[in-house]
Amino acid sequence: MQHLVKRQKKTSKRPARRPVWDHTHIIFFLMGTCGLVTLLVGFALAWFLSLDIPDIRTVDDYRPLVTTTLLDRHGRPVDAIYRENRIVLTWDQMPPLLPQAFVAAEDSRYWQHGGLDVWSIARAFINNLRSGRRSQGGSTITQQVTRSLMLSREKSYFRKVTEAILAYRLDRMLSKQEILTLYLNEIYLGEGAYGVEAASRTYFGKPASRLRLGEMALLAGLPQAPSRYSPLKHFSRARARQRYVLNRMAEDGLISAEEARRAFNEKITFQPASKARRTMNGYFTDYVRSRLEQLYGREELYRAGLTVWTTLDSELQERAVRAIRAGSEAVWQREQTPQPPQGALVALDNRTGRILAMVGGTDYDKSPYNRAVLANRQPGSVFKPLVYAAAFERGISPDLQLNDAPLSSATGTARSGRRRTTAIPGTGPQPCAKPSSIHATSLPSSCCVKSA
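In this note's numbering, the protein residues as written are 45 to 496.
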């Protein structure tokens, strides 16, 4: 009998697989995720707080660096004191077409977007990728305001993100008109001028309220590159930008094509008088600045927009400058010195002591050191006015001839007990009016004793 052996299959029981994520893992994962999110939010909040955002909720909170204006005794401009040459205007003080010219040139969709123009940013991003450099920004006027008030001018994508966040926030805080007012007062327009009012006076010698359309378009073309399009240095480039602005205004329906043509054909007259005034009045301006800083402090001087009436007489100041330069040139020609000598002059009102003219050197641009105020005086030059004034009071004429011969006078007692004398050389008879220490010592003692 054949036995059939049935082999039984050994079936091994596999152990049950434990789950990869148990409750403990899930809890730790959630805690780690929450911690990471908290850390990222904390870093973002710290970064946002570090932006040092000014608290500008209305235009009234805007207190930039502004210009202090100096006027002479007749109310004529003397000079300006500033860190940034800026004169703030309100919206109502601007001619209506001036803001529109800047909008047409810089941000044609300004009145429609919410602080960011996505299409302009995308277009700039694509163009930058093609060129391989960050040459275009696509910034709106709102972004330019945030950049000017809160950020640096560094070109980077990180700054653009920051700028976009702040622009969105600013657009929610202020009206479009308020933002544009800030922009037109803050923007740099070349030649040291910030804002449209300072630029108008710098280039055209008149306030912005008197600008013509062609002049407005010329200014509106400057923000993109103030040095490159400066009408004082690169007039042909400035004219090309002016044409672009006028065409954009015509396309947007702000002006007619005929008005654009007439404005482009207007004769532009430049009157950059600020540099001439600084050359003429620079020494006096520096003196007034130091006095104002003592009286009001630097913060008030550069942020309050002061208007200061001074005692200067512009006509006398111009004569004083000419006199110092002519005298220096005459001495240089006569003495044949290597360099023209310097000089100084202060003219006072004898009744009040007010300064009518002040010149501290022959050329302020080359040497701003004010010799009229800061230089040391020679002893002989100090006592001469006192002696001569006493002499004139007693009736001695300036035409009086004095002997310019060597002079000896007793000055004290030497150790030997004998009188000591000092010899002063001379050159012969000279008129009293010629400034000489010898003449002052030669005047009769009776002129000075009682009056001193």
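For each residue, glycine too, the CB sits at the ideal point set by N, CA and C.
- The beta carbon of Gly-236 sits closer than 6 Å to those of Asn-129, all from its chain and outside the five residues before and after it, given in chain order.
- Three or more pairs of CB atoms, one per stretch, sit closer than 8 Å, so the region 129 to 138 contacts the region 221 to 234.
- Beta bridge pairing from DSSP links Tyr-238 with Arg-130 and Tyr-232.
- Residue state for Gln-188 is assigned as helix, using DSSP reduced to three classes.
- With a cutoff of 8 Å on beta-carbon distance, Tyr-408 and Gly-326 are scored as near each other.
- Straight-line measurement puts the Cα of Asn-420 at about 56 Å from the Cα of Phe-308.
- Residue state for Asp-123 is assigned as strand, using DSSP reduced to three classes.
- In the three-state reduction of the DSSP assignment, Met-402 falls in the strand class.
- One Cα belongs to Leu-114, the other to Thr-329, and the distance between them is close to 8 Å.
- When DSSP states are grouped into helix, strand and coil, Val-431 belongs to the helix group.
- Annotation: Leu-141 is outside any beta strand (DSSP E); the continuous alpha helix (DSSP H) that includes it extends over 141 to 150.
- Taken through DSSP and simplified to helix, strand or coil, Val-375 comes out as helix.
- With respect to Leu-255, Pro-275 sits apart: the two C-beta atoms are not nearer than 8 Å.
- Excluding the 5 residues flanking it on each side, Tyr-346 has same chain C-beta neighbours closer than 6 Å at Leu-109 and Arg-127, in chain order.
- A straight-line Cα-Cα distance of about 49 Å links Lys-204 and Gly-404.
- A distance below 6 Å between beta-carbons, with the five flanking residues on each side excluded, links Val-147 to the following residues of its chain, in chain order: Tyr-154.
- The beta carbon of Arg-287 is closer than 7 Å to those of Phe-308 in its chain, skipping five residues each way along the sequence.
- Counting C-beta pairs with one atom in each stretch, the region 378 to 392 and the region 425 to 434 have fewer than three that are closer than 8 Å, which means they do not touch.
- At a Cβ-Cβ threshold of 8 Å, Ala-294 and Ala-304 count as neighbours.
- For the pair of segments examined, the region 356 to 367 was found not to touch the region 334 to 344: the number of CB pairs separated by less than 8 Å stays below three.
- For Ala-388, the closest C-alpha among the options Gly-397, Gln-380, Asn-394 and Met-402 is that of Met-402.
- As summarised for the region 295 to 380, the continuous beta strand (DSSP E) elements at least 3 residues long and confined to that stretch are 351 to 353, given in chain order.
- Glu-373 and Gln-380 have their C-alpha atoms some 10 Å from each other.
- Where Leu-262 is concerned, there is no enclosing beta strand (DSSP E), although the alpha helix (DSSP H) around it starts and stops at 257 to 264.
- The three-state secondary structure of Ala-388, taken from DSSP, is coil.
- By the neighbour-count criterion, in which a residue is buried when 16 or more other Cβ atoms sit within 10 angstroms of its Cβ, Gly-258 is buried.
- Pairing Val-390 with Ala-416 gives a Cβ-Cβ distance under 8 Å.
- In terms of Cα proximity to Leu-160, the closest of His-278, His-118, Ala-208 and Leu-193 is Ala-208.
- Excluding the 5 residues flanking it on each side, Ile-368 has same chain C-beta neighbours closer than 8 Å at Gly-387, Ala-388, Leu-389, Val-403, Gly-405 and Thr-406, in chain order.
- With respect to the 8 Å criterion, Thr-354 and Val-332 are classified as neighbours on the basis of their beta carbons.
- Each of Tyr-432, Leu-356, Ala-435 and Pro-423 was checked against the Cα of Gly-397, and the nearest Cα belongs to Leu-356.
- Buried is the label assigned to Pro-143, since at least 16 other Cβ atoms lie within 10 Å of its Cβ.
- From the listed residues Glu-302, Phe-279 and Ser-280, the smallest Cα separation to Leu-290 is found for Glu-302.
- Assignment of Gln-156 by DSSP, reduced to helix, strand and coil, places it in the coil class.
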